[in-house]
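Quick note, in the working numbering, the sequence shown goes up one by one and the last residue is 415.
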Amino acid sequence: MTDTSAGVVVVGAGLGAIRLAETLRTNGYTDPITLIGAEPYAPYDRPPLSKSVLLGKDDRVELKPAEFYADSNIDLQLGRRVVAIAPGERTVTVADAGDPAQTETVAYDTLVLATGLSPRPFPGADDALVGLHTLRTYDDAVALRSEIDAATDAVVIGAGFIGCEVAASLLARGVKVSLVEPAPTPLAAALGTEIGKLVTRLHIDNGIDVRAATGVSEIIGTDGRVTGVRLDDDSRLPADIVVVGIGSIPVTDYLDGSGIDCAARAEGGGIACDAYGRTSAESVYALGDVANWRDADGVGHRAEHWNHTVEQAAIVAHQIVGGDAVTPAVPYFWSDQFDLKIQVLGSPRPTDDVHIAADDGKKFLAYYSRDGILTAVAGAGKVGAVMKTRAKLVTPTPIDEVL
């Protein structure tokens with residue numbers, strides 16, 4: 013490749029990479045597009061991993077058919093990991109995942125970083141213990157799924173969205189499940205404790221042993237496999253399977269020495285970007301879970317939601333090739349737990365005022381407000397009611413208008 017024909021190189025081959033490449037081609041971009049992915053699989057959808065894949069209803073859910081890449085003239089390089097970036101030379105160093113000593117230099121005109129996250133390990137745990145799992149990749153899901161039929165008891169550490177979904181899936185597969193969370197309720201960090209109490213009720217009513225406001229002090233192993241966990245109060249829960257869901261870490265190690273800035277941990281970490289995905293290096297963007305974008309007030313945020321990544325990919329594509337400007341959408345995310353879809357529109361904070369509009373003991377609908385203005389809506393089994401609130405979240409709406 014020459015400097016004038018290197019095109020767009022995307023580090024990472026997931027949802028953001030695919031949507032970016034697709035949007036570039038749709039908007040007339042004809043230069044080379046290269047996607048470099050560390051996993052050996054074509055880009056696939058991650059949300060099903062904790063749900064339908066664990067349940068055995070789906071296998072890997074690929075985002076595009078195999079012919080898409082050839083038809084779109086996209087160079088998909090799998091099993092290859094970027095280990096260094098030289099923005100001054102506009103090159104990346106790529107290593108073979110099977111043989112890291114084999115490296116190659118790849119040039120770019122525009123570089124997009126979409127490397128996502130890696131699961132945070134449990135401090136002090138022996139990663140080699142059979143039955144100890146995290147869940148981020150397809151291989152993680154297959155490894156966990158392969159042990160379910162032989163398991164009697166499972167402990168899920170961390171009751172965020174992934175932890176709650178995994179707990180529901182394991183229970184549906186016939187395993188007794190304990191869900192342990194140091195916060196007062198599941199999903200407290202994302203939705204606040206009032207909605208967290210409703211989610212707690214949902215899990216308890218379905219048979220999950222919810223242990224909130226307590227932590228795990230030790231993962232216990234015997235003869236090389238997990239046998240249980242010890243809680244902070246010194247009680248013990250038996251386990252054939254332990255799933256650790258205590259958060260994730262932005263994958264940024266390959267930036268060492270590049271001069272590309274990362275955001276402060278207090279702002280969520282990840283790669284520091286402006287409001288359009290531009291990093292501190294010329295012609296280098298970042299998007300998706302690893303990217304920390306500034307909002308209109310100059311405050312950095314890093315979000316780990318499917319729709320957020322799709323919108324960022326459209327914005328970055330517009331920066332690269334032009335075309336129609338992207339109108340920011342109302343933030344939206346969802347989580348399938350048991351037979352309910354929990355949906356959130358807007359940007360709730362745990363400190364917002366919460367107004368329960370409907371609650372029949374299972375399904376619920378709630379509005380969030382801040383200083384008297386509607387900030388978000390959350391619902392379980394209330395798809396229509398949640399989605400019709402979208403228009404009221406586009407512009408400031410007094411909470412009294414929806415109550």
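The beta carbon of each residue, even a glycine, is placed where N, CA and C say it ideally should be.
Exposed unless 16 or more other CB atoms sit within 10 angstroms - verdict on residue i
i: Arg248; result: exposed
i: Asn304; result: buried
i: Glu316; result: buried
i: Ala392; result: buried
i: Gln416; result: An answer regarding residue 416 cannot be provided, because it is not within the stretch 13 to 415 covered by the chain.
i: Glu34; result: buried
i: Gly219; result: exposed
i: Leu419; result: Since the displayed the chain opens at 13 and closes at 415, residue 419 lies outside it and no answer follows.
i: Gln114; result: exposed
i: Thr38; result: exposed
i: Ala298; result: buried
Per-residue DSSP class, three states only, for residue i
i: Val73; result: coil
i: Thr115; result: strand
i: Ala275; result: coil
i: Asp372; result: coil
i: Ile258; result: coil
i: Thr264; result: coil
i: Ala80; result: One point to set straight first is that residue 80 is Phe, not Ala, in the sequence displayed. Phe80: helix per DSSP, three-state reduction.
i: Thr339; result: coil
i: Leu386; result: strand
i: Arg242; result: strand
i: Ser62; result: helix
i: Asp365; result: strand
i: Gly391; result: strand
i: Glu51; result: coil
i: Arg402; result: helix
i: Ala298; result: strand
i: Asp15; result: Residue confidence is low: Asp15 scores 47 on pLDDT, short of 50, so the model does not pin down where it sits. Its coordinate-derived value is still stated next. Three-state DSSP puts Asp15 in coil, outside helix and strand.
i: Arg132; result: coil
i: Tyr56; result: strand
i: Val211; result: helix
Beta-ladder partner(s) of residue i, from DSSP
i: Phe350; result: DSSP output for Phe350 lists no bridge partner at all.
i: Asn304; result: Ala284
i: Asp87; result: Thr46
i: Thr105; result: Ala96 and Thr117
i: Tyr344; result: Leu357
i: Thr234; result: Arg237
i: Lys188; result: Asp165
i: His313; result: Trp305
i: Arg223; result: Val192
i: His145; result: Val255
i: Val124; result: Val22 and Tyr297
i: Tyr380; result: Val366 and Ala388
Between the CA atoms of residue j and residue i - distance to the nearest angstrom
i: Arg402; j: Ala378; result: 14 Å
i: Gly100; j: Thr117; result: 14 Å
i: Arg223; j: Val73; result: 33 Å
i: Asp15; j: Ala337; result: Note that Asp15 scores a pLDDT of 47, beneath 50, so its modelled location is shaky; the value from the coordinates is reported in the next line. Roughly 28 Å between the two C-alpha positions.
i: Ser17; j: Ser292; result: 23 Å
i: Glu361; j: Ile411; result: Per the sequence presented here, residue 361 reads as Arg, with Glu not at that position. Distance between the alpha carbons of Arg361 and Ile411: 15 Å.
i: Ala155; j: Gly259; result: 19 Å
i: Gly227; j: Pro131; result: 18 Å
i: Met13; j: Ala119; result: Because Met13 carries a pLDDT of 39, less than 50, the predicted location of this residue cannot be relied on, and the following value inherits that uncertainty. Going from the Cα of Met13 to the Cα of Ala119 covers about 7 Å.
i: Gly19; j: Thr46; result: 8 Å
i: Gly236; j: Asp121; result: 49 Å
i: Val322; j: Val187; result: 35 Å
i: Asp70; j: Leu88; result: 24 Å
i: Cys274; j: Thr234; result: 40 Å
i: Thr339; j: Gly128; result: 24 Å
i: Lys404; j: Leu386; result: 8 Å
i: Ser270; j: Leu141; result: 36 Å
i: Tyr81; j: Ile30; result: 10 Å
i: Leu267; j: Ala329; result: 22 Å
i: Gly310; j: Ala278; result: 14 Å
i: Gly257; j: Gly91; result: 25 Å
i: Asn319; j: Gly300; result: 10 Å
Distance cut-off 7 Å: residue i Cβ against heavy atoms of the ligand NAD
i: Arg248; result: With respect to the ligand NAD, the structure shown offers nothing to examine, as it has no ligands at all.
Cβ contact check for the stretch 148 to 167 and the stretch 240 to 254: 3 or more pairs under 8 Å: yes
Three CB pairs or more closer than 8 Å across the stretch 103 to 110 and the stretch 198 to 212: no
Taking contact to mean 3 or more Cβ pairs, one atom from each stretch, closer than 8 Å, check whether the stretch 339 to 359 and the stretch 209 to 217 are in contact. yes
With three or more beta-carbon pairs closer than 8 Å as the criterion, would you say the stretch 174 to 188 touches the stretch 283 to 290? no
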